[in-house]
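Take the sequence shown: its position 219, counted from the start at 1, is 1249 in the working numbering, and no numbers get skipped.
By construction, the Cβ of each residue, glycine as well, lies at the ideal position given by its N, Cα and C atoms.
Encoded as structure tokens, the structure appears first; notes follow it.
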Amino acid sequence: MIPKLRRKFISITAAALFVVILLLIAAINFVFVFQTSRSLDFRLSHVMNAAAPEAPPPANNSFHADEIPNAAPPGFHDDLHRFPDGITDFSRPFDMKLQIRFDGCLIYLNMDGTIRELRQDAAEHYTQNELEDIVAAILQSGKESGWIEYFKFQLENHTAPGGAAEIKIGLINASSDLYSIRNVLIISVIIGVLSFLLVLVIIILASRKAVKPMEESYLRQKQFVTDAGHELKTPLTVISANNELSKMIYGDSEWFDSIDSQVTKMNRLIGSLIDLARMDEEQTPIFAPFNISDAVYDTAKSFEHLILAKGLGMALEIEENIIYSGDESKIRQTVSILMDNAAKYCDKNGEIAVIFHAGKQIRLQVINDYSAADCDFSKVFERFYRADKARTPDGSYGLGLSIAKSIVDLHRGKIHAAIPEHGKLMFEVILN
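Written out as structure tokens, the structure is:
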């Protein structure tokens, strides 16, 4: 019980921590991407709005390639070729119109897609082949803005000073920005994983102390149940012995029979409570292979006389020779509890069916006629729960199904209740 509670505490806390860290990583990266995108849009807008010069620069202002800054970014080339329409490379004097330096590249195209004019930052030069490939990819995309590999671009129709139509393309190299986004993502994930593992270790170490008050309360409660059970057995034994002596002296009487009945009920209740307390201790069970088909058949068959005496029908459909590794006595106890429950809550003149078969999993189904609709399946395995509170004289305290669930949990199986069809109630046990 306590180890299970501790595991649940760790799993819930770890799940909450994981979600929080995941949201933080997502928020950090979203904000960084958003800011980077805004910065790129601003830079691209600055490139697109660069004013065109009204006249070519004077000839004496021309400069050569040896005047270009040496720190060119990787991938950029100095061996530029001649561009269309008289635009020359930087290895000789040129007449390309350059204004102030700006971050990016501005390309003017004729309507046939050929480069008419190029303006770019003196520190960022592309070859004619590079630009032609980029321009071709942009035109082929059919978009007015977007991405081509690591280039962000914007395209718009433009009217040249002479009135001729042309295409203007703004282009910026965003490789460093994309690299920064990737680095931020990797670093944030690494920090998030390390933080999660560190806090998880702290949670595991602190979990024992966190559940300690509940553990002490539970142990006191369990000890009380066990002690009370043993203490009650003594007076019940004395009452039963005195009742037998009274019957010998005064003869049989309905009052003496009632005392015996109540003593028997109390002994069953005490036994059930002690069984539950022992199973809650989560001691390592000792499992051994046994023929579970025979165990189910023998236990179910032992209820045949009781069922027939109540005017009920019984059908057995049990697959033979299924071997299972578990606690045979407890499996028999589970079958007995389900059969007893079916006999108590079966409709008058109804039928009880026991179906047992194996596939990928071993399944036991106990089905009985049950026309009432007052069964709360979320509570049937709770202690002292009774579906039909009007049926009180049967000696039941609502502990049987709780014990059955504890046994199934001990075997790492599943048990549930369902209505397979109208007027039927089914309890199914699934064992791996």
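- The stretch 1191-1198 makes contact with the stretch 1137-1151, as at least three CB pairs between them are under 8 Å.
- In terms of Cα proximity to leucine 1201, the closest of Lys1390, Arg1073, Val1384 and Ile1352 is Arg1073.
- A straight-line Cα-Cα distance of about 15 Å links isoleucine 1445 and leucine 1429.
- Taking a cut-off of 8 Å on C-beta distances, the stretch 1382-1398 touches the stretch 1341-1355, as three or more cross pairs fall below it.
- Distance from the CA atom of proline 1319 to the CA atom of glycine 1356, rounded to whole angstroms, is 6 Å.
- For aspartate 1287, the number of other beta carbons within 10 angstroms of its own is below 16, and it is reported as exposed.
- If you compare the alpha carbons of Phe1183, Leu1249, Val1229 and Thr1066 with that of isoleucine 1164, the shortest gap goes to Phe1183.
- The alpha-carbon separation between glutamate 1274 and aspartate 1257 amounts to approximately 26 Å.
- Looking at the DSSP output, valine 1396 bridges to Val1384 and Phe1457.
- Between the stretch 1359-1368 and the stretch 1431-1443, the count of Cβ pairs shorter than 8 Å is three or higher; the stretches touch.
- The residue among Tyr1180, Phe1062, Glu1412 and Ile1220 with its C-alpha nearest the C-alpha of serine 1205 is Tyr1180.
- By alpha-carbon distance to alanine 1373, the top candidate from Leu1262, Phe1333 and Ile1178 is Phe1333.
- Looking from the CA of alanine 1345, the closest CA among Ala1447, Asp1399, Asp1305 and Ile1058 belongs to Asp1399.
- In the DSSP assignment, histidine 1441 forms no beta bridge with any residue.
- 9 Å or more divides the Cβ of isoleucine 1367 from the Cβ of lysine 1454.
- Note on the stretch 1195-1267: there is no whole alpha helix (DSSP H) run with a minimum of 4 residues.
- Within the DSSP bridge table, the entry for histidine 1335 names no partner.
- CA-CA distance, serine 1075 to leucine 1185, rounds to 11 Å.
- Sequence-distant Cβ neighbours of lysine 1340 in its own chain, meaning closer than 7 Å and more than five residues away, are Ala1373.
- Note on the stretch 1134-1181: whole alpha helix (DSSP H) runs with a minimum of 4 residues are 1158-1171, in chain order.
- In this structure, the CA atom of phenylalanine 1062 is about 34 Å from the CA atom of asparagine 1159.
- The beta-carbon distance between valine 1326 and valine 1365, rounded to whole angstroms, is 5 Å. This is short enough to meet the 8 Å contact definition.
- Taking a contact as a CB-CB distance under 8 Å, the pair isoleucine 1433 and serine 1283 does not count as one, their CB atoms being some 34 Å apart.
- Counting C-beta pairs with one atom in each stretch, the stretch 1042-1057 and the stretch 1166-1176 have fewer than three that are closer than 8 Å, which means they do not touch.
- Around the beta-carbon of glycine 1380, 16 or more other beta-carbon atoms lie within 10 Å, marking it buried.
- In the DSSP assignment, serine 1355 is bridged to Pro1319.
- Taking C-beta separations shorter than 7 Å and ignoring five residues to either side along the sequence, the partners of asparagine 1297 in its chain run Leu1266, following chain order.
- For leucine 1047 and asparagine 1321, the gap between their C-alpha atoms comes out near 46 Å.
- Nearest neighbour of valine 1214 by Cα position, chosen from Thr1066, Ile1449 and Leu1336, turns out to be Thr1066.
- Contact between isoleucine 1040 and serine 1237 holds, with the beta-carbon distance rounding to 5 Å and staying under 8 Å.
- Residue burial annotation: asparagine 1187 is exposed, with fewer than 16 other C-beta atoms found within 10 angstroms of its C-beta.
- Assignment of beta-bridge partners to glutamate 1186 by DSSP yields Lys1198.
- By the neighbour-count criterion, in which 16 or more other beta carbons inside 10 Å mark a residue as buried, glutamine 1253 falls on the exposed side.
- Taking a C-beta distance under 9 Å as the contact criterion, isoleucine 1316 and lysine 1263 do not qualify as a contact pair.
- Shown here, glutamate 1274 sits in a helix according to DSSP, grouped into three states.
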